[in-house]
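Visitor: Mapping to our numbering: the sequence shown position 258 is 263, numbers consecutive.
A virtual CB, placed ideally from N, CA and C, is assigned to each residue, including glycine.
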Amino acid sequence: METDEKYMRRALELARHGELDASPNPMVGAVIVDTSGRIIGEGWHRRCGEGHAEVNAVASVKDRDLLKDATMYVTLEPCSHYGKTPPCADMIVENGIPRVVIGTLDPFAKVAGRGVAKLLDAGVEVMTGMLEKECRELNRKFMTAHSLQRPYITLKWAQSADGFIDGHISTPLNSMLVHKLRATHDAILIGSGTALADNPTLTTRFYAGKSPVKVVLDRRKRLPADLRLFSDGDVIVIDGEMTLAEAMHTLYNKGISSVLVEGGAQIMESFAKDNLWDEIRVEVSPEHIEGKIKAPSLPKTDTIPDIRVVDGHKIISYKK
Numbered sequence: 006m007e008t009d010e011k012y013m014r015r016a017l018e019l020a021r022h023g024e025l026d027a028s029p030n031p032m033v034g035a036v037i038v039d040t041s042g043r044i045i046g047e048g049w050h051r052r053c054g055e056g057h058a059e060v061n062a063v064a065s066v067k068d069r070d071l072l073k074d075a076t077m078y079v080t081l082e083p084c085s086h087y088g089k090t091p092p093c094a095d096m097i098v099e100n101g102i103p104r105v106v107i108g109t110l111d112p113f114a115k116v117a118g119r120g121v122a123k124l125l126d127a128g129v130e131v132m133t134g135m136l137e138k139e140c141r142e143l144n145r146k147f148m149t150a151h152s153l154q155r156p157y158i159t160l161k162w163a164q165s166a167d168g169f170i171d172g173h174i175s176t177p178l179n180s181m182l183v184h185k186l187r188a189t190h191d192a193i194l195i196g197s198g199t200a201l202a203d204n205p206t207l208t209t210r211f212y213a214g215k216s217p218v219k220v221v222l223d224r225r226k227r228l229p230a231d232l233r234l235f236s237d238g239d240v241i242v243i244d245g246e247m248t249l250a251e252a253m254h255t256l257y258n259k260g261i262s263s264v265l266v267e268g269g270a271q272i273m274e275s276f277a278k279d280n281l282w283d284e285i286r287v288e289v290s291p292e293h294i295e296g297k298i299k300a301p302s303l304p305k306t307d308t309i310p311d312i313r314v315v316d317g318h319k320i321i322s323y324k325k
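1. Is it the case that the Cβ atoms of T80 and A16 are separated by a distance below 8 Å?
2. Find out if the Cβ-Cβ distance for the pair V36, Y78 is shorter than 8 Å.
3. Restricting to runs no shorter than 3 residues, where is the beta strand (DSSP E) found entirely within the stretch 126 to 174?
4. Thinking C-alpha only, which one of D311, T176 and G120 is nearest G317?
5. Rounded to whole angstroms, what is the Cα-Cα separation between D95 and K305?
6. Let me know if T149 comes out buried or exposed under the rule of 16 or more other beta-carbons within 10 Å of its beta-carbon.
7. Following the continuous beta strand (DSSP E) through Y78, name the residue where it begins and the one where it ends.
8. Count the other CB atoms, across all protein chains shown, that sit within 10 Å of the CB of Y212; report buried if there are 16 or more and exposed otherwise.
9. Quick one: complete alpha helix (DSSP H) runs, 4+ long, within the stretch 167 to 238?
10. Since R286 is in the beta strand (DSSP E), which residue starts that stretch and which ends it?
11. For the beta strand (DSSP E) containing H318, name the first residue and the last one.
12. Which value, in whole angstroms, describes the spacing of the CA atoms of I272 and C84?
13. Give the secondary structure of S263 by DSSP, where H, G and I count as helix, E and B as strand, and everything else as coil.
14. Flag this pair as yes or no: are the beta carbons of S165 and S290 separated by less than 8 Å?
15. So what does T109 bridge to, in DSSP terms?
16. Should K219 and L234 be called a contact, given that it needs their Cβ atoms to be closer than 8 Å?
17. Between the Cα of A188 and the Cα atoms of A300, V264, G268 and V38, which residue gives the shortest distance?
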């Protein structure tokens, strides 16, 4: 068991390499070990639409004859369906790998236990639940999206020590970290009020990552076409009488598995009131600005926050 755990931890390390490019697919890592305990193959899912971790791990094995006695460790259940790539479960069987250790099952409806069933039907020895908590935490966004049929929702704002959000509050370092946070979400959402008042670009210009899809709630249809957010990248405008829950389900159906909400206080509190949040990140400056716009009220939660100091500012994070 300790040996299995050691190799699964290595698979988790590999999976994290896909943090910026794998989405909307999950981050997955795979390790192949021979009978002597030597790692003979490794791989991770690098980018949506490209080879899965299991395929990349097998491709890295120099002596394919070793596979017939090997064990594969993979953080997420191998897929069993044809998508942009063939089923990994079939590939494992075809290569004669006799034992597979899996971190956690896949909640995606087209997999959801079918990958394990395929392996078992082919006579492969399967162990599931190895470091399951860590494997599920790695893909919190993916797990939440496919379990709840809505994107994983992160609420984010910066406020002064006296509780105001107007004015520029973040330091350059914290602005860079916010842009990194944007790069790890599929979409970024604001309201029409923020779009009109701040005219933001909503890009990741301070971090070397892909910019998320831009989403604007514009129920009154008042956005002019010359706003900077329309200058490049994909923009989804949600108007009409759609509720927030309906809007989130719509985004999920468009393939968006995570949303970073950076709107004003009113939108933040609307999401919190409807219990539409999974994570909250608040940056608190030590300065008092005596502003005009009060920071959003935190929703009631029993969660103990993670608090750290970055560049003199407190970063307070809550996770459900």
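Guide: In brief:
1. Working through the sequence shown from its first residue, we reach residue 80 at position 75. Working through the sequence shown from its first residue, we reach residue 16 at position 11. Yes; because the gap between Cβ atoms is below 8 Å, this pair is in contact.
2. Numbered from 1 along the sequence shown, position 31 holds the residue referred to as residue 36. Numbered from 1 along the sequence shown, position 73 holds the residue referred to as residue 78. Yes; because the gap between Cβ atoms is below 8 Å, this pair is in contact.
3. 130 to 133 and 157 to 164
4. For the purposes of this step, residue 317 is taken as residue 312 along the sequence shown, with counting starting at 1. Here the closest residue by C-alpha is T176.
5. By one-based count along the sequence shown, residue 95 stands at place 90. By one-based count along the sequence shown, residue 305 stands at place 300. When rounded, the distance between both Cα atoms is 47 Å.
6. If you number the sequence shown from 1, residue 149 lands on position 144. Per the 10 Å Cβ criterion, buried.
7. Taking the sequence shown and counting its residues from 1, the one referred to as residue 78 is at position 73. Note, Y78: beta strand (DSSP E), T76 to L81.
8. Walking along the sequence shown from the start, residue 212 turns up at place 207. Buried: at least 16 other Cβ atoms inside 10 Å.
9. 177 to 188 and 197 to 203
10. By 1-based counting over the sequence shown, the position of residue 286 is 281. Its beta strand (DSSP E) spans residues E284 to V289.
11. Counted from its first residue, the sequence shown places residue 318 at position 313. That run of the beta strand (DSSP E) goes H318 to K324.
12. On the sequence shown, residue 272 is found 267 positions in, with the first residue counted as 1. On the sequence shown, residue 84 is found 79 positions in, with the first residue counted as 1. Spanning the two alpha carbons is a distance of roughly 37 Å.
13. As a first step, residue 263 is located in the sequence shown; it is residue number 258 there, counting from the start. Here S263 sits in strand by DSSP.
14. Here residue 165 is taken as the residue at index 160 of the sequence shown, counted from 1. Here residue 290 is taken as the residue at index 285 of the sequence shown, counted from 1. Yes, the pair counts as a contact, with Cβ atoms nearer than the cut-off.
15. The residue you call residue 109 lines up with position 104 of the sequence shown. In the DSSP output, where bridge partners are listed per residue, T109 has L81.
16. If you number the sequence shown from 1, residue 219 lands on position 214. If you number the sequence shown from 1, residue 234 lands on position 229. Yes, they are a contact pair.
17. Taking the first residue of the sequence shown as position 1, residue 188 is located at position 183. Among A300, V264, G268 and V38, the Cα nearest to that of A188 is on V264.
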